[in-house]
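Undergrad: The sequence shown begins at 66 in our numbering and counts up one residue at a time.
What follows is a single structure, and I will ask about it in a moment.
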Amino acid sequence: MKNSGIVLVLWAVSGCVTPERSLAPFTLVVLPDTQEYVDQRTKRAKERLAAGEDRTTFFHDQTSWIRDSASRLNTKFVVHEGDITQTDDSGEWTRAQSAMSVLDGVVPYCLCLGNHDMGCSQNAAGGWDSAKTRDSMFDEYFPLAKFASEPWFGGSHDSTLTNAYYFFSAASMDFLILSLEFKPRDEVLEWANAVLTKHPDRRSIVLTHAYLRSEKDGSVRIDGNGYDVAGNHGEMMWRKLVSQHDNLFLVLCGHVGGEGRRVSEGAHGNLVHEVLCDYQGLENGGNGWLRYMTFHPRENKIEVFTYSPSLDEFNEQPSSRFSLEYQMLGVAKEKGE
């Protein structure tokens with residue numbers, strides 16, 4: 066008994082976790098399009114601001130809730146699905162930077178660029194066009210240098226975070242998040258393929274802005290180009306990248322207003338969950354709705370919740386509250402968290 070006690074003490078001191086602890090549920094939080102919360106330049110935004118209505122509070126409500134619930138939910142990572150801003154404006158980026166910085170030092174996070182985060186210009190009608198070019202102020206407010214020294218940062222396609230990958234581990238499993246630009250170019254997909262090939266033992270997630278259509282349109286992958294920037298739409302991404310890797314199990318996207326999901330079989334027989342959420346068309350530009358996905362290794366299940374910290378409400382509709390089947394127990398490698 067005495068020797069057993071010594072062994073238990075050494076086990077605890079070594080930083081190891083018990084099998085029970087190693088299979089604890091953990092959470093991935095998803096922030097959909099926040100463009101309406103930070104908008105300052107469109108006509109409707111100017112009218113709202115003149116009337117004293119500032120929607121930035123919804124963005125801050127989201128990130129403050131993520132921070133405050135991180136321990137309770139065992140949150141391992143936060144992803145932003147793009148359209149961080151409305152018109153790629155310095156004031157809008159400053160607002161986004163302020164909201165996201167609430168997470169600094171608390172939980173790792175990454176962002177992908179949407180069409181509204183690049184190449185924006187005012188048109189003859191007084192409105193704003195997006196993705197005319199790939200020019201963006203993103204790098205000024207979310208520079209590579211801020212993330213490059215983090216242990217969870219994997220690498221990037223170039224000297225920016227526009228296309229980058231990130232790591233996290235939970236429940237004896239190692240994960241990789243691959244964040245890709247809006248309509249990723251062929252050279253970016255070639256790089257992404259190389260990243261996934263280099264890390265075959267990591268369970269992988271693709272984060273990109275535009276990939277899937279909403280449930281009302283059948284949750285089919287986007288199959289048209291649109292916008293001036295050249296690149297690959299959702300169906301092309303599936304063929305050239307997503308379907309080609311047996312370690313890839315999830316795609317997360319925004320862009321199209323509403324919700325949608327599908328499950329597709331990859332070239333190696335693996336199942337890939339493709340999930341869309343975007344609430345910018347709802348009241349107050351989204352009312353603070355976000356998604357969080359809790360992984361339950363013992364049940365081989367991912368529970369998906371749609372929640373608004375601003376309203377303190379869950380959306381229980383079938384398109385908003387559901388579970389995804391995903392094999393974890395039995396194939397996870399025994400490596401501590």
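C-beta atoms are modelled at their ideal positions from N, C-alpha and C, and glycine is treated no differently.
What are the start and end residues of the alpha helix (DSSP H) that includes residue 206?
TA: One-based indexing of the sequence shown puts residue 206 at position 141. Note, residue 206: alpha helix (DSSP H), 203–206.
Undergrad: To the nearest whole angstrom, what separates the beta carbons of residue 349 and residue 393, a pair I think is in contact under 8 Å?
TA: Residue numbering aside, residue 349 sits at position 284 when the sequence shown is read from its first letter. Residue numbering aside, residue 393 sits at position 328 when the sequence shown is read from its first letter. Going by Cβ atoms, the distance from residue 349 to residue 393 rounds to 37 Å, so no, they are not a contact pair.
Undergrad: Which one of 237, 97, 341 and 334 has the shortest CA to CA distance from residue 327?
TA: Translated into the one-based positions of the sequence shown, residue 327 becomes position 262. Comparing Cα-Cα distances from residue 327 to each of 237, 97, 341 and 334, the minimum goes to 341.
Undergrad: Candidates 135, 200 and 249: which alpha carbon is nearest residue 305's?
TA: Walking along the sequence shown from the start, residue 305 turns up at place 240. For the residues 135, 200 and 249, the minimum Cα distance to residue 305 belongs to 249.
Undergrad: Out of 170, 153 and 150, state which residue places its alpha-carbon closest to the alpha-carbon of residue 131.
TA: As a first step, residue 131 is located in the sequence shown; it is residue number 66 there, counting from the start. Out of 170, 153 and 150, 170 has the C-alpha closest to the C-alpha of residue 131.
Undergrad: Per the contact definition of three or more C-beta pairs closer than 8 Å, is the stretch 156–176 in contact with the stretch 193–200?
TA: As far as the Cβ criterion goes, the stretch 193–200 does not touch the stretch 156–176, which means the pair count is below three.
Undergrad: Roughly how many angstroms separate the alpha carbons of residue 368 and residue 292, rounded to a whole number?
TA: In the sequence shown, counting from the first residue as 1, residue 368 sits at position 303. In the sequence shown, counting from the first residue as 1, residue 292 sits at position 227. Near 35 Å, if we compare the C-alpha coordinates of residue 292 and residue 368.
Undergrad: How long is the line joining the alpha carbons of residue 353 and residue 126, rounded to whole angstroms?
TA: The count along the sequence shown starts at 1 and reaches residue 353 at position 288. The count along the sequence shown starts at 1 and reaches residue 126 at position 61. Rounded to the nearest angstrom, the two C-alpha atoms are 7 Å apart.
Undergrad: For the beta strand (DSSP E) containing residue 273, list its first residue and its last residue.
TA: Residue numbering aside, residue 273 sits at position 208 when the sequence shown is read from its first letter. 268–273 is the span of the beta strand (DSSP E), which, as asked, contains residue 273.
Undergrad: Between the Cα of residue 154 and those of 195, 135 and 123, spot the shortest distance and give me the residue it belongs to.
TA: Stepping through the sequence shown from its first residue, residue 154 is reached at position 89. Residue 195 is the option with its Cα nearest to residue 154.
Undergrad: Please state the DSSP three-state secondary structure of residue 354.
TA: Position 289 of the sequence shown holds residue 354. Coil, per DSSP.
Undergrad: Alpha carbon to alpha carbon, how far is residue 266 from residue 333?
TA: To locate residue 266, count along the sequence shown from 1; it is residue 201. To locate residue 333, count along the sequence shown from 1; it is residue 268. About 15 Å.
Undergrad: Quick check: what's the CA-CA separation for residue 390 versus residue 260?
TA: Indexing the sequence shown from 1 puts residue 390 at position 325. Indexing the sequence shown from 1 puts residue 260 at position 195. Looking at the two C-alpha atoms, the distance is approximately 25 Å.
Undergrad: Under 8 Å by Cβ, that's how I've got residue 104 and residue 149 pegged, so tell me the actual separation to the nearest angstrom.
TA: If you number the sequence shown from 1, residue 104 lands on position 39. If you number the sequence shown from 1, residue 149 lands on position 84. Going by Cβ atoms, the distance from residue 104 to residue 149 rounds to 11 Å, so no, they are not a contact pair.
Undergrad: Going by DSSP in three states, residue 132 sits in which element: helix, strand or coil?
TA: For the purposes of this step, residue 132 is identified with residue 67 of the sequence shown, where counting begins at 1. It is helical.
Undergrad: To the nearest whole angstrom, what separates the beta carbons of residue 145 and residue 177, a pair I think is in contact under 8 Å?
TA: Indexing the sequence shown from 1 puts residue 145 at position 80. Indexing the sequence shown from 1 puts residue 177 at position 112. Right, the Cβ-Cβ distance comes to about 7 Å (below 8 Å), so this counts as a contact.
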